[in-house]
Amino acid sequence: HLNLPTRKSSRQVPMFGRSVEFPADSLPQKELVRHIETTLARSLYNCDENAAYSGTALAFRDRLIIEWNKTQQRQTFNDQKRVYYLSLEFLMGRALDNAMLNVGLKDAARDGLKDLGFRIEDVIGQEHDAALGNGGLGRLAACLLDSMATLNYPAWGYGLRYRYGIFKQEIVNGYQMEVPDYWLDNNPWEFPRHEITVDIQFYGCVRKYQAENGKIMHSWEDAEIVQAVAYDVPIPGYGTKTTNNLRLWSSKASSGEFDFQKFNAGDYESAVADEQRAETISAVLYPNDNLERGKELRLKQQYFWCAASLYDIVRRFKKSKRAWSEFPDQVAIQLNDTHPTLAIVELQRILIDTEGLEWDEAWNIVTKSFGYTNHTVLPEALEKWSVPLLQNLLPRHLQIIYDVNLYFLQIVEKRFPNDREMLSRVSIIEESHPKMVRMAHLAIIGSHKVNGVAELHSDLIKTTIFKDFVEIYGPDRFTNVTNGITPRRWLHQANPRLSALIAEKLGGYEFLTDLTLLDKLEAFVDDKKFRTEWAEIKSANKLRLARYIKETTGFSVNPDALFDVQVKRIHEYKRQQLNIFGVIHRYLTIKAMSAEERKKVVPRVSIFGGKAAPGYWMAKTVIHLINKVSFVVNNDADVGDLLKVIFIEDYNVSKAEMICPASDLSEHISTAGTEASGTSNMKFVLSGGLIIGTCDGANIEITREIGEQNIFLFGTLAEDVEELRHRHVYGQTFQIDSQLAKVFEAIKGNMFGDAGDFSALTASVEQHGDFYLVSDDFNSYVTTHEMVDEAFKNREEWLAKSITSVARMGFFSTDRVINEYADSIWNVEPLEVGKD
Ligand code: T68
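Numbering-wise (this note's numbering), the sequence shown opens with residue 692 and increments by one.
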């Protein structure tokens, strides 16, 4: 790092009609002005916020590039084992703020921008989120990259460079509308590498031939070719020079594809159509989370990205001229869910078809190299691809899959003779019509380690969906790595004042790279001044959110009310419907109160945010109901400040950075056993918010760390879910909770507009077996919220819980997560900076 003193802003420079001389120690300012005037060819006289953003980004980018080049050189020269993180999603959010904090010159940039007449927050706000992901899975990938760089691991991310990220959500008359997110114009954070291209094959057929040595070989022929072009994104670490690489592939017609024959024959249109078809592969991110739909284009995306990444990884390995047997000593490939499972098959194909290795030797290398992370037990989210689809698109891969399956089933048959049921249960091929390839089975068989993302989840996969595989391989193939978050973004960047207050108490910012140091905060729980400042920071964060709500929705909320937040993808299993039914119950309760009773009510703001998959009708209905309730409640003068309901449009990473630090309470209320981990629960607690939640995912470990007295748990336990579901369907009578029944009466009485609009929501509970146990958990949910109200009345107690919880969150850093992956799955060492 350049260790430059930060400059006190010596004088204000008016925006217009000035000549400026910049002090020499204001490097960012000098550099950004140079970029505005030269790179952007703009004069300072017409420099708007957007140009100020571009100039600042370019100035910081320059610094990253230098470290990035050095890091890559050092890693190449050192030639030790590298990690390759394959993820179809990287939900990066904004990069400038992160770059400024990592380079360590944010204060200097603030001063420099101020001199030019800009507030740094406004400039940061100009950046378009890089939103190449749906939710938790994509954001986890981004947090892991941050930690790998910070801990100096030689690591690459590989993904797709979608032209359109996750859609932008607009709420029109209470309904979600989807608007395309074209984000690539003026993106200073990516570097096209037009010289790094890979030809990717699709379709065609397989030819058997006899090689010179007499061996029978296979070649994939007459395939269509699409070109993959690399785009690189620098990933700076915090407090280190290490700057790793995220390589995103973009699809392009290969020069052969843009058919000059056709072109010259005057068939210009069809030549261009071919080109567009190739570019379609990386055009759009699929907007489903926890649902698989089996679309051919999605499969094309997966293979395109896996094949390009594998080619790159193999090319890099081959430069070292090592024997193939050393591949697993040089390469660890982690599969973020089953989306990259074809990489397993592709590596086997390269080794046997191109490199001429024997099957067993190749397969041994493959399984030693791969690890697979599972993120869900929901059956509708487990990937399956139809055999005919694969046969057509990737004929050679299908053959290899069948061979892998055959050898695997032979082993199973030997160990469990005569257990035919077992064979059909664990087979990669599901014998349905059409036959389907079960990607999770392939991922398990092709990896040396499989991990879940929280303790309960890792136990569940071992006892339910992957039970047979535990019997076959033994328990050692399965492990747990509980998720985390990067404290750089989710504490230091999102909540700078809290970070500064903690640093003041702990005597520095070391906690940002060793989060367990937070435990030293407990010593200050009773420190009056500290508590006051802590409370003041929360208030300021709430005030900022209140202003944002006013600007964007027009509704005024009382910043002293309890801010109760649920922001995440909208999904029935996450139970936003439980939350909004609870809000309606609260509204009805207040309406029925006397003036005297109302004086005791703790004012609340219920805040929702999140996107529904465009084709997920139930989820869209939930959004519609929230918005209708919001309209009715917020315009009811009789209720006033006692209750407000807000839906924040277009929830994304940068909004999360504003929302998390502003919550008093956040909701993580999935039906027990359905949420693999959850990571926003960690973000809220790390910013001093409390949680209401079920015994699900990482909530359980959060409870263990922070203490039961500091969290509001409620609801059915995972072990009881199945029995209840069974009773709902086969029991004599299904009695809906009486308080929930009143909520449904209100909805059916058209209190929130046409009841017909919401009949699917009530029917799902009353008529369709209440699969998500909304009725079963309703009473305990409402009662627990009453406890929350009581607790919030005692501000001092609440503050103590808040501080204690933060102090005990050390475990949930992705730094810990990465070290666990490195030790127990990848077997990689950091490459110490300055030791080359
Ligand atoms: C989430 N999964 C889990 N999936 O739901 C969450 N799925 O519990 C966990 O904390 C998080 O992963 C990180 O482990 C997802 O976010 C998806 O977004 C997704 C996208 C495409 C296909 C399937």
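We treat Cβ as the ideally placed atom computed from N, Cα and C, and that holds for glycine.
Closest residue to residue i among the options (Cα-Cα distance)
i       : options                            : result
GLU818  : THR1207, ARG1486, TYR744, LEU1279  : TYR744
HIS726  : ASP806, LYS1105, PRO879            : PRO879
LYS1211 : TYR866, SER1496, THR1385           : SER1496
LEU976  : ASP1094, MET839, ASP1167, SER778   : SER778
ILE757  : PRO925, GLY1199, TYR1002           : PRO925
GLN1430 : SER1368, VAL1519, PHE1272          : PHE1272
LEU807  : GLU740, SER838, THR762             : GLU740
GLU1358 : GLY850, GLU1340, TYR1472, ASP1428  : TYR1472
PHE1405 : ILE1383, HIS1417, GLU1413, ILE1397 : ILE1383
GLY1501 : LEU1206, VAL1524, ALA1389, LYS1346 : LEU1206
THR1312 : ILE1240, ARG801, GLY1444           : GLY1444
PRO845  : ARG852, LEU1208, TRP911, LEU835    : LEU835
GLU1348 : GLU1213, LEU1377, ALA1185          : ALA1185
ARG938  : PHE1169, TYR776, ASN955            : TYR776
PHE1435 : TYR1307, GLN1268, TYR736, MET1478  : GLN1268
LEU1197 : PHE1215, LYS859, HIS1183           : PHE1215
TRP1308 : GLU1477, MET868, ASP1150           : MET868
Assigned secondary structure, residue i (DSSP; H/G/I helix, E/B strand, else coil)
i       : result
CYS1531 : For residue 1531 there is no data in the structure shown, the boundaries of the chain being 692 and 1527.
ARG1106 : helix
MET772  : At residue 772 the sequence reads Lys, which differs from the Met that was named. Residue state, collapsed to three classes: coil.
ILE815  : helix
LYS699  : A caution first: LYS699 carries a pLDDT of 37, below 50, which makes its placement in the model unreliable, though a value can still be read off. Residue state, collapsed to three classes: coil.
PHE1246 : coil
LEU731  : coil
ARG765  : helix
PRO1019 : helix
PRO1521 : coil
ARG785  : coil
PHE1157 : coil
LEU796  : coil
LEU777  : strand
ARG1013 : coil
PRO719  : helix
THR1474 : helix
ALA1482 : helix
ASP965  : helix
ARG984  : coil
ASP958  : coil
GLU712  : In this prediction, GLU712 has a pLDDT of 36, which is less than 50 and means its spatial position is unreliable; what the coordinates show is noted afterwards. It is coil, neither helix nor strand.
Beta-ladder partner(s) of residue i, from DSSP
i       : result
THR1170 : ASN1142
GLY1501 : GLY1501 pairs with nothing; no bridge assigned.
GLN918  : ASP890, LYS943
VAL924  : LEU937
TRP911  : VAL897
HIS1359 : GLY1384
MET868  : GLU861
VAL975  : TYR855
ASN1027 : THR1064
VAL1128 : TRP1076, ILE1120
ASP1255 : SER1297, LEU1356
TYR873  : TYR855
ARG884  : ALA921
Contact with chain C by residue i, beta-carbon distance below 8 Å
i       : result
GLY1440 : No chain C appears in this structure, which consists of one protein chain only.
Please list the segments of the beta strand (DSSP E) lying wholly inside the segment 1047-1102, counting only runs of 3 or more residues, in order along the chain.
Qualifying beta strand (DSSP E) stretches, in chain order: 1061-1064, 1075-1077.
Residue ranges of each alpha helix (DSSP H) within the segment 1257-1307, 4 or longer:
1267-1282, 1286-1289
Complete runs of the alpha helix (DSSP H) confined to the segment 1307-1357 [at least 4 residues]:
1308-1325, 1344-1350
For the segment 1403-1463, which segments carrying the alpha helix (DSSP H) assignment without a break, of at least 4 residues, lie completely within its bounds, in sequence order?
The qualifying runs are 1409-1421, 1429-1439, 1450-1457.
For the segment 809-856, list the alpha helix (DSSP H) runs that are entirely contained and at least 4 residues long, ordered along the chain.
Taken in chain order, the whole alpha helix (DSSP H) runs of length 4 or more contained in the segment 809-856 are 811-815, 827-841.
What are the complete alpha helix (DSSP H) segments, minimum 4 residues, inside the segment 1173-1253?
If only uninterrupted alpha helix (DSSP H) runs of at least 4 residues are considered, those enclosed by the segment 1173-1253 are 1187-1197, 1219-1244.
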